[in-house]
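Working notes, structure below.
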Ligand SMILES: *Cc1c(COP(=O)(O)O)cnc(C)c1O
């Protein structure tokens with residue numbers, strides 16, 4: 005078999021494709037010496053709010069903080085319950101727990117590995133305050149049933165859109181459905197900064213104000229602090245980098261969808277289904293296999309970078325250990341693997357990966 009050297013994601017290749025623009029932008033920010041706040045940040049916030057079809061965007065220092073700040077701004081606090089999934093990155097639950105609230109986990113649907121919205125009603129209690137649907141791998145959770153259930157019980161909805169910048173459902177973008185949405189600009193995300201970063205988008209001016217105040221020392225102006233806040237801001241250098249990248253995002257995501265279609269065609273093992281109404285960002289391309297360790301070894305030998313997102317469900321993490329029983333989440337955690345996926349990736353990797361996985365098909 006051919007030996008390649010294709011990583012799971014290649015941030016250097018993307019940098020090379022936009023290097024001149026990035027380098028001149030970084031030089032401009034260094035020369036301006038305006039590193040925190042300022043015009044780059046507010047321009048990015050305006051541009052990203054418009055991209056998400058929302059009235060407000062507040063840049064913060066990570067996707068984790070974006071989730072926590074959005075939930076807190078919507079009134080989630082100690083003793084409250086927040087319904088979400090266990091099949092996600094740890095930070096989804098961490099943001100809830102850090103507020104003193106409790107994550108209540110529902111299972112995922114085997115075809116998409118997204119929140120099973122049929123289980124939401126059964127998870128609501130008198131303490132439930134919010135729902136956090138996670139648009140995992142870049143595909144959006146069906147938002148109509150989430151919204152309907154939330155409205156029925158007076159709950160808030162915060163989209164975890166960390167992996168879904170640019171995703172769409174019907175005609176609307178990720179981030180435009182919830183009371184607020186949280187994005188991550190971690191370097192490996194589809195819209196990645198050159199360091200940590202995140203944002204909250206919302207169309208509620210009070211939520212935007214509350215997030216901004218809490219993220220900036222609880223202040224209303226330079227010397228007046230009306231609450232004990234955090235220091236969780238998106239810095240100007242990251243905002244400037246994100247402003248360079250945002251106009252490229254749709255092109256990069258479209259290329260990911262083309263590559264995903266090639267994977268779908270080539271693979272004999274099962275892979276995730278995309279719902280009719282959805283356009284995924286393919287943050288990750290996930291397949292399911294049996295004997296995963298051997299499958300990963302075969303990929304490694306062929307020079308294909310692969311990963312597992314995520315091998316241990318959140319409700320089984322030592323820090324959480326919730327006692328929840330989630331049959332689909334628990335089963336698929338042992339079967340999933342993520343194949344190389346980035347706009348600049350060489351197409352040859354797809355056939356080679358498919359050949360490697362043939363013997364492990366489910
Ligand atoms: C990356 C990620 C987060 C956290 O974002 P950070 O910027 O790394 O803090 C939260 N939820 C999901 C689903 C993620 O993928």
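In this note's numbering, the protein residues as written are 5 to 366. C-beta atoms are modelled at their ideal positions from N, C-alpha and C, and glycine is treated no differently. These figures come from a predicted structure and were not determined experimentally.
Rounded to the nearest angstrom, the gap between the Cα atoms of residue 197 and residue 243 is 8 Å. Going by beta carbons, residue 202 and residue 188 fall inside the 8 Å limit.
Residue pairing of residue 343 in beta bridges, as defined by DSSP: 289.
In this chain, residue 16 is not harboured by any beta strand (DSSP E); it is covered by the alpha helix (DSSP H) spanning 15 to 21. As summarised for the stretch 222 to 295, the continuous alpha helix (DSSP H) elements at least 4 residues long and confined to that stretch are 240 to 270, given in chain order.
For residue 66, the distance from the CB to the nearest heavy atom of ligand 1 is below 7 Å. Residue 56 is bridged by DSSP to nothing; it lacks a bridge partner. Within the DSSP bridge table, the entry for residue 61 names 205 as partners. Within the DSSP bridge table, the entry for residue 173 names 176 and 282 as partners.
The bridge partners DSSP lists for residue 10 are 308. The DSSP-derived three-state label of residue 36 is helix. Straight-line spacing of the CA atoms in residue 175 and residue 228 works out to 42 Å. Listed as beta-bridge partners of residue 132 by DSSP are 85. Relative to ligand 1, the beta carbon of residue 93 is positioned inside 7 Å of a heavy atom. Between ligand 1 and residue 236, a heavy atom-to-CB distance of less than 7 Å is absent. Using a cutoff of 7 Å, the CB of residue 138 counts as near ligand 1, since one of the ligand's heavy atoms is closer than that.
Sequence-distant partners of residue 116 (beyond 5 residues in either direction) whose C-beta falls short of 8 Å from its own C-beta, in its chain, are 143, 276, 277, 278 and 279.
Close CB contacts of residue 312 within its chain, under the 6 Å cut and outside five residues either way in sequence, are with 341 (chain order).
For ligand 1, no non-hydrogen atom lies closer than 7 Å to the CB of residue 199. For residue 155, no beta strand (DSSP E) encloses it; the enclosing alpha helix (DSSP H) starts and ends at 147 to 157. In the structure shown, the three-state DSSP call for residue 105 is coil.
Excluding five sequence positions before and after residue 59, the CB atoms of its chain that fall closer than 6 Å to its own CB belong to 207, given in chain order.
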